[in-house]
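Asker: Questions regarding the structure given below will be posed in turn.
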Amino acid sequence: MTDEIDKIMRPLKHTSKEFWPFLGGLAVISVLGIYAYTQQLIKGLGVTGLNDVTIWGLYITNFIFFIGISHAGIAISAAVRILEAKKYQPIARIAELLTIVSLVMAGLSIVIDLGRPDRSFLLITKFIDRFKYSPLIWDITAVGTYLVLSSTYLYLPMRRDLKVAAERSEGWRKTMFTTLIPFYEEGEEATIDRLSFWLAVTILPVMVMVHTTVAWIFSLLSARPLWFNAFAGPYYIVAAVASGMASVMAMAAVMRKIYHWEDIITPKLFRGLSNFTAITTLVYLYMMMTEQLGALFAGPAGEVFVSEAWLFGDFATLFWSMTTLGLVIPFLYMLIQAFKKDYVNITWTAIMSVILVIAFWFKRYMIIVPTLSIGIQKVGIYSPTWIEIAILLASFAIPLLLYTILTKIVPLIEMEEGHHHV
Amino acid sequence: MSKMNRREFFKKVGVLGVVVAMNSVASNMKRVGTPLLTKTVGTEYPPPVKGANYGMMIDVGACIGCRLCQHACKLENNVPDAPGNIHWIDVFELDNHRPVSEVENIPPVGADIDYTDAPKPDHWYMSFNCFHCDNPPCTKVCPTGATYKDEDGLVLVNYDICIGCRYCMAACPFNARRFNWWNPEHPPSRISTVDGSVVTLNEDVPLRTRGVTEKCTFCVHRVRKGETPKCVEVCPVRARHFGDFNDPESEVSRLRETVRTIRIRENLGTDPKLFYFTRGVKWTEDGEKH
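Chain order of the listed sequences is R and V. Under the numbering used here, the residue at position 8 of the first sequence is numbered 8, and the numbers go up by one with no gaps. Under the numbering used here, the residue at position 168 of the second sequence is numbered 590, and the numbers go up by one with no gaps.
In structure tokens, the structure reads:
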């Protein structure tokens, strides 16, 4: 027991010699991205490859992608609380932290995409007027609610762990952990457990709405082929859950390896996640097929143009490599693994998860770009500039950087005195 | 200097640095063209005309593809030149063998926007600008209300509260909106392509900044004073007709009674107020009237 708490506390007390170069590398990429963004701020969005036809590109792709990643975290930990799926408890907080950092990055992606980021405050001051109409405002509402709820949900149960951490630390670390739990009272755990349960119940529908509203941003535009889609909500949610689960698996595998948590994060746990990811990926492939069939077989001209560009035209290479290498192969691997009794190869599962996450990023790119550049007219070729690529790389480095710093501040695994024994 | 004071000092230097940085970004965002104007302009348009419902009708049979409307519009509305080279009006060259259904895509598939000589035999010309829909999808999605439909049916943009999210551009079925990707550049004067005169910036039309959306306003500053839009005025073949559909005596109302019209992408239910019609081909390549 004590031994286990020591293990969980290890990352908070010990910093390996690889940590600083890793952090430095991420910081350098982030700074390069910030430099690229200042260039965009000084010269205008013209520095991107976007034009009056392809008006959205990598930034909006990133926005959908990160909203997607943010789904798994709370899904897993809410399932732990509501369905008492205790098996997944060790990775619940790893997943919740991923939710928070990716939500922050999703919000930033929208601001990066604005022509006048200095006027972002209008989104709040005009809120009451525009709430009736603009799906973008619905989405900002949903994402904002989700961020507030999920950070509360992350923080409240963490207080008891921070208390344990404070008791077991000395010097500046003790001060840090103590300041992180203001107004701590003995015996507050029971109240927090009740609160957390009801928070979990509240978060699940909000989580569904977050990605539904993201889908609505696109699917309520009747002029846009393949966006205008009645099942866009479920379609986006399935992608979000699959990519979110995959990213949690990859993250958990890395944490397990570097902090030697082999006996805490068990292979059984990866098996469950991998099976679930396989099913959601299959459902996603099925939805993609029905979408393409509808567009090709019966679609109006716009839908046919976009679908042909996906399957046989300008985007075919991207589409088929994304589908076969990125979705089908990881799916098959996870499926075969599911049929083998008591077998799971964590390294390969993690690699397949990373491939899946990358494929889902490209899928979001496929959603945004072809519809804009092909659906309405066959001009307006879009290719991202170095500024966009630098900001893209930084938008992966910044959440990772935040995450890496957080591993040194908060206990990554809920400690054993947790609510599930209460 | 005591330790406390030094800390205060660095704090102040830090704050100063942030303020200077913010200011330089903010000054970059200011209207670049403003100093060229003798009086300052706001985005206040004349008040909407009571009970009006403005619309346009374009005679595609008459249009010879000269693009005078496009150039005159640029000068009239201070539409920026380089580097974006924005146009509010696009004129597309189509050939006779194109089924009308392909016009459903905006612009029509395979249409030429960069043609050099017009009119060409067996070709026809179709110009697009904002359709000023009665049920505009662009104003619905705007998160700040920067774009709105006014009482007289004009769909306008308030450049001062546009945040540049380009959601309206995604929503527009007609690709009518333009974005200021760069700082708009206005030369102090331009030579008019219409009559060769020297034209300076129009003081009735607000200048845009970088990062906001703009589009055809049906020359709101003219039509609300009872004039016609500039493109209608300069058209040498009278292919463009403008007026108030609520007034049964107006030119467009009478035209709608007599000619057969189509609208583009009518199935989307946006109720566009730009009608296309033809009375047959009016002009040939040798300029003879038929």
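Each residue gets a CB set at the ideal place from its N, CA and C atoms; glycine is no exception. Because the structure is a prediction, the values reported are computed rather than measured.
1) Could you pull the start and end residues of the alpha helix (DSSP H) that I480/V belongs to?
2) Quick one: does R119/R have its CB under 8 Å from some CB of chain V?
3) Kindly list the residues whose CB is nearer than 8 Å to the CB of M105/R, restricted to its own chain and excluding five residues on each side of it in sequence; keep chain order.
4) When DSSP labels each residue in this structure, what does M548/V get in the three-state scheme?
5) Starting from the C-beta of I69/R, find all residues in its chain whose C-beta is less than 7 Å away, skip the five residues before and the five after it, and write them out in chain order.
6) Considering only DSSP beta bridges, list what K571/V is partnered with.
7) Mind checking whether V369/R and G57/R have CB atoms under 8 Å apart?
8) Count the other CB atoms within 10 Å of the CB of M423/R; is the residue buried (16 or more) or exposed (fewer)?
9) Taking the DSSP output, what are the residues bridged to R612/V?
10) Check the Cβ of P505/V against every Cβ in chain R and list those closer than 7 Å, keeping chain order.
11) Report the CB separation of R159/R from Y133/R in whole angstroms; it is logged as a contact under 8 Å.
12) Apart from the five residues just before and just after K695/V, which ones in its own chain have a Cβ nearer than 8 Å to its Cβ?
13) Just by C-beta distance, which residues in the region 589-605 of chain V are closer than 9 Å to chain R?
14) Could you give the residue range of the beta strand (DSSP E) that holds Y698/V?
15) Can you tell me whether K461/V is helix, strand or coil according to DSSP?
16) Am I right that V654/V and F664/V are in contact with their C-beta atoms under 8 Å? What's the rounded C-beta distance?
17) I'd like to know whether the C-beta of A223/R is nearer than 8 Å to at least one C-beta of chain V.
18) Would K652/V pass as a contact of R644/V if the rule is Cβ separation under 8 Å?
19) Of all the alpha helix (DSSP H) runs that stay within the bounds of the region 486-511 of chain V, which reach a length of 4 or more residues?
20) Across which residues does DSSP place D534/V in a beta bridge pair?
21) DSSP on K17/R, reduced to helix/strand/coil?
22) Would you mind reading off the limits of the beta strand (DSSP E) that contains D666/V?
23) List the residues of chain R whose Cβ lies closer than 7 Å to the Cβ of L690/V, in chain order.
24) Report the rounded CA-to-CA distance for N580/V versus W510/V, giving the unit in angstroms.
25) Sorted by chain position, which residues of the same chain lie with C-beta nearer than 6 Å to V634/V's C-beta, five sequence neighbours on each side aside?
26) Which of helix, strand or coil does DSSP assign to M451/V?
27) Quick one: what does DSSP say E188/R is sitting in, helix, strand or coil?
28) Does the CB of R753/V have a neighbour CB from chain R at under 8 Å?
29) Given a threshold of 16 other Cβ atoms within 10 Å of its Cβ, counted over all protein chains shown, does L12/R qualify as buried or as exposed?
30) Applying the criterion that 16 or more other CB atoms from any shown protein chain within 10 Å of the CB defines a buried residue, is A230/R buried or exposed?
31) Considering only residues of the same chain and omitting the five flanking positions on each side of L459/V, which have a CB-CB separation below 8 Å?
32) Out of curiosity, what's the CA-to-CA distance linking M322/R and I329/R?
33) Can you give me the start and stop residues for the alpha helix (DSSP H) that H260/R sits inside?
34) What residue ranges within the region 133-185 of chain R form continuous beta strand (DSSP E) runs of no fewer than 3 residues, ordered along the chain?
35) Closer than 7 Å to a non-hydrogen atom of the ligand GTP - does that hold for the CB of G25/R?
36) Return yes when the Cβ of S120/R is within less than 8 Å of the Cβ of Y59/R, no when it is not.
Answerer: In short, the structure shows the following:
1) Element bounds for I480/V: not the alpha helix (DSSP H) but the beta strand (DSSP E), 476-481.
2) Taking 8 Å as the CB threshold, R119/R lines the interface with chain V.
3) Same-chain partners within the cutoff: N62, F66, S395, I398, P399.
4) In the three-state DSSP reduction, M548/V falls in the strand class (E or B).
5) Excluding its 5 nearest sequence neighbours in each direction, I69/R has C-beta neighbours in its own chain below 7 Å: L98, S102, S243, G244, S247, listed in chain order.
6) Listed as beta-bridge partners of K571/V by DSSP are V577/V.
7) Taking 8 Å as the cut-off, the Cβ atoms of V369/R and G57/R count as close.
8) The structure shown does not extend to residue 423/R, since chain R is modelled only from 1 through 422, so no value can be given for it.
9) Within the DSSP bridge table, the entry for R612/V names V621/V as partners.
10) Result: G46.
11) No, R159/R and Y133/R are not in contact; Cβ-Cβ is about 41 Å, not under 8 Å.
12) Cβ within range, chain order: N475, Y476, G477, M478, F553, H554, C555, D556, G575, F667.
13) Those would be Y589, M591, A592, A593, C594, P595, F596, N597, R599, R600, F601, N602, W603, W604, N605, in chain order.
14) The continuous beta strand (DSSP E) containing Y698/V extends over residues 696-699.
15) Any reading at K461/V needs caution, since the residue's pLDDT is 40, under 50, leaving its predicted position unreliable; the model's value is listed next. If DSSP states are grouped into helix, strand and coil, K461/V belongs with coil.
16) V654/V to F664/V, Cβ: 5 Å. Contact.
17) Interface flag for A223/R against chain V is set, since a Cβ pair is found closer than 8 Å.
18) Contact flag set, yes.
19) Unbroken alpha helix (DSSP H) runs of no fewer than 4 residues, entirely contained in the region 486-511 of chain V, are found at 490-498, following chain order.
20) Bridge partners of D534/V: E515/V.
21) When secondary structure is reduced to three states using DSSP, K17/R falls in the coil class, being assigned neither helix nor strand.
22) From DSSP, the beta strand (DSSP E) with D666/V extends over 662-666.
23) The contacting residues are S222, A223.
24) Annotation: N580/V to W510/V spans about 16 Å, alpha carbon to alpha carbon.
25) The answer, listed in chain order, is Y581, C584, G586, N602.
26) The predicted position of M451/V is uncertain, since its pLDDT is 46 and thus under 50; a value taken from the coordinates is nonetheless stated next. In the structure shown, M451/V sits in a helix (DSSP, three-state: H, G or I).
27) In the three-state reduction of the DSSP assignment, E188/R falls in the coil class.
28) Any answer about residue 753/V is impossible in this case: the structure gives chain V only from 423 up to 712.
29) By the 10 Å Cβ count, L12/R comes out buried.
30) In summary, A230/R is exposed, with fewer than 16 beta-carbon neighbours lying within 10 Å of its beta-carbon over all protein chains present.
31) For L459/V, the pLDDT reaches just 41, beneath the cut-off of 50, and the residue's location in the model is therefore unreliable, although a value from the coordinates is still provided. L623, E625, L629, listed in sequence order.
32) Going by the C-alpha atoms only, they are around 10 Å apart.
33) For H260/R, no alpha helix (DSSP H) run applies, since DSSP gives it neither H nor E.
34) DSSP runs (the beta strand (DSSP E)) wholly in the region 133-185 of chain R: none.
35) This structure lacks the ligand GTP; in fact it carries no ligand of any kind.
36) Not in contact: Y59/R and S120/R (Cβ atoms no closer than 8 Å).
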